[in-house]
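In the UniProt record's numbering, the protein residues as written are 1 to 206.
Right, dumping it as structure tokens:
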């Protein structure tokens, strides 16, 4: 019984002894590839959430370590997402100036509360409730988050230095008001990067 309990609370003890030198090498290569992709992505997520860039790196490292050791799946990817970033920004930005110390403290407090709720829901086996969320709801939320993120990043694409806005519509309005201040090199670089990403996806599919 003690052995079962130990594996229940420390699940990595079950699979860690099964690792070989070859499997560790393959996992290290996959981890390095994922880290190369996660580095710029996590910084972008931090900026979307209104946080300093280094907090994106923290969010990309700590949850992954916890998930790989205590998670229930070998293949589940854990880390920050664009949807979570925009929800954090929308929830906390009306209460404090983005990137300020008060803002960071509120983000950390909200993250802690969300973690406690996730732990309680997991202990009570409420994960099955996700099955009752329809595909239409998930699709609508995803598309809405994409639009909000795109509008919120327009100042960065155009190279316009604007104060953070609480809503996507206010951000769009501010961009239109300062449309004469567009930085052409920033816009050119952003459009080339966007075209390159779309082109690679079409020409080199997974």
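Note that the Cβ used here is the ideal one computed from N, Cα and C, for glycine as well.
None of these values were measured; they are calculated from a predicted model.
Buried or exposed by the 16-neighbour rule on C-beta atoms within 10 Å, applied to residue i
i           : result
residue 40  : exposed
residue 12  : exposed
residue 175 : buried
residue 119 : exposed
residue 107 : buried
residue 171 : buried
Within 8 Å, strictly: CB atoms of residue i and residue j
i           : j           : result
residue 149 : residue 82  : yes
residue 46  : residue 34  : no
residue 152 : residue 186 : no
residue 190 : residue 157 : yes
residue 59  : residue 42  : yes
residue 49  : residue 85  : yes
residue 110 : residue 97  : no
For residue i, the first and last residue of its enclosing alpha helix (DSSP H)
i           : result
residue 179 : It is not in any alpha helix (DSSP H) - residue 179 carries neither H nor E in the DSSP assignment.
residue 35  : 21-48
residue 198 : 184-203
residue 93  : No alpha helix (DSSP H) contains residue 93, which DSSP labels as neither H nor E.
residue 15  : 12-15
residue 79  : Neither: residue 79 is in no alpha helix (DSSP H) and is coded neither H nor E.
Subject >> Segments of 4+ residues assigned as alpha helix (DSSP H) that fall wholly inside the stretch 110-159 >> reply: 135-152, 154-158
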